[in-house]
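First up is the structure itself, then whatever we jot down about it.
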Amino acid sequence: MTDVLPPKGLPVVRTPAALRDRVRAWQREGKRVALVPTMGALHAGHLALVTRGLAQADVAVASIFVNPKQFGPNEDLERYPRDEAGDALKLARVGCRLLYAPDVATMYPPGFASFVRVAGLPDLLCGRVRPGHFDGVATVVAKLLSAAQADVAVFGEKDWQQLAIIRRMAADLDIGTTIVGCAIVRDADGLALSSRNAYLSADERARALALPQALLATREAIMAGMPVAAALAAGERRLKGAGFGHVDYFELADGETLHSLGAPAPGARLLAAAMMGTTRLIDNIAL
0 MTDVLPPKGL PVVRTPAALR DRVRAWQREG KRVALVPTMG ALHAGHLALV TRGLAQADVA
60 VASIFVNPKQ FGPNEDLERY PRDEAGDALK LARVGCRLLY APDVATMYPP GFASFVRVAG
120 LPDLLCGRVR PGHFDGVATV VAKLLSAAQA DVAVFGEKDW QQLAIIRRMA ADLDIGTTIV
180 GCAIVRDADG LALSSRNAYL SADERARALA LPQALLATRE AIMAGMPVAA ALAAGERRLK
240 GAGFGHVDYF ELADGETLHS LGAPAPGARL LAAAMMGTTR LIDNIAL
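Going left to right, the sequence shown walks through residues 0 to 286 as numbering that gives the first Met the number 0 numbers them.
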């Protein structure tokens, strides 16, 4: 398939072969290539991944694919925001050189029967309420990394569990692409940027600030000596008091294994997921 040129001329390729040819051409010129996988609906957090990639490599390539295999039967696959042309403009403005945008039939052709699972990690935290989600993530990321064969791939730290799973998978499968994490990008008031923030009403958006605030307050309490269990319980009460509905988890966990911790430890992170109206929000901070 030939390239498609959206506004401003950012080239778009639609097949793994076309992506690989472009990446290999750059690598033959001695250039390092960074891949930035996304599901589109790009915001400043995604664009920061491109900037981070360009700090690690000479060329940045982004992918946009809304992966059906990581959505549960009652999740927002059909209404997930899509704007390829607008996203291409944003990517071009921050120096991205190529967009890989395959369709579902290309990613999962008839007879597709292979899946990637990282044992243990997908069963914790978000995995408890989204069974199969991280198997879908690991599978699509493995396909993207295999197709691009880039030198580095950049993922945001907002979904810390996803990042941990991808790092484990890349190491276990000797993929050869270095996995780089990028710090969470937040609005001025502290709310982590997310494509799903667009679902929030003005009132819900204001009340959602309790999520980062609860994480910060919990970190302060733990570092001041409050027992971890008591600090976590207080943080969850703060979320519910602000109007969050169900709290999926509010935990202190090891940053690599994701196992819950009962006391502060090097590499620990505070992680939370909760419902604001019909929108599920996640966030985390280092202890």
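Here a beta-carbon is modelled for each residue, glycine too, at the ideal position from N, C-alpha and C.
**Asked** How would you call Thr37, buried or exposed, if buried means at least 16 neighbouring beta carbons within 10 angstroms?
**Response** Buried, because 16 or more other Cβ atoms sit within 10 Å of the Cβ of Thr37.
**Message:** Considering Cα atoms alone, identify which of Asp202, Phe249, Ala47, His245 is closest to Gly234.
**Reply:** Phe249
**Reduced DSSP category for Ile178 - H, G, I as helix; E, B as strand; rest coil** = strand
**Request:** May I ask which residues mark the beginning and end of the beta strand (DSSP E) holding Ile183?
**Result:** Segment: none, Ile183 is in no beta strand (DSSP E) and carries neither H nor E.
**Request:** Assess, as a yes-or-no matter, whether the stretch 183 to 199 is touched by the stretch 162 to 171 under the definition of 3 or more beta carbon pairs within less than 8 Å.
**Result:** Note that the stretch 162 to 171 does not touch the stretch 183 to 199; fewer than 3 beta-carbon pairs, one per stretch, sit closer than 8 Å.
**Continuous beta strand (DSSP E) stretch holding Gly155: start and end** = 151 to 155
**Asked** In whole angstroms, what is the alpha-carbon distance linking Arg204 and Asn196?
**Response** Cα-Cα distance, rounded: 8 Å.
**Request:** Decide if the stretch 65 to 76 is in contact with the stretch 206 to 224; the criterion is three or more beta carbon pairs, one per stretch, under 8 Å apart.
**Result:** no
**Request:** In angstroms with no decimal places, state the Cα-to-Cα distance between Leu124 and Arg96.
**Result:** Those two C-alpha atoms are separated by around 36 Å.
**Request:** Under 8 Å Cβ to Cβ from Thr105, same chain only, skipping five residues before and after it: list those, please.
**Result:** Arg13, Thr14, Pro15
**Prompt:** Contact check, Ala33 vs Ala47 under 8 Å by CB: the rounded distance?
**Reply:** 13 Å between Cβ atoms; not a contact.
**Request:** Kindly indicate which residue of Trp25, Ile63, Arg129, Lys30 has the alpha-carbon position closest to the one of Asp247.
**Result:** Arg129
**Request:** Determine the DSSP secondary structure at Arg127, reduced to helix, strand or coil.
**Result:** Judged by DSSP in its simplified three-state form, Arg127 adopts helix.
**Request:** Please determine, among Thr277, Ala91, Ile284, the residue with the shortest C-alpha to C-alpha distance to Glu74.
**Result:** Thr277
**Beta-bridge pairing of Leu269 - partner residues as DSSP gives them** = Leu269 is bridged by DSSP to Leu251, Ile284.
**Asked** In three-state DSSP terms, what is Ser259?
**Response** strand
**Message:** Output needed for Pro263: all residues of its chain with C-beta closer than 8 Å, excluding positions within five of it in sequence on either side, in chain order.
**Reply:** Ile221, Met222, Val227, Leu251, Leu286
**Item:** Three-way DSSP call (helix, strand, coil) for Leu301 in this model
**Value:** Here the chain comprises residues numbered 0 to 286, so residue 301 is not present and cannot be evaluated.
**Message:** Just list the residues that DSSP pairs Pro67 with in beta bridges.
**Reply:** Pro67 pairs with nothing; no bridge assigned.
**Request:** Within 10 angstroms of the Cβ of Leu4, are there 16 or more other Cβ atoms? Answer buried if so, exposed if not.
**Result:** For Leu4, the predicted model reports a pLDDT of 42, less than 50, meaning its position is unreliable and no value from the coordinates is stated.
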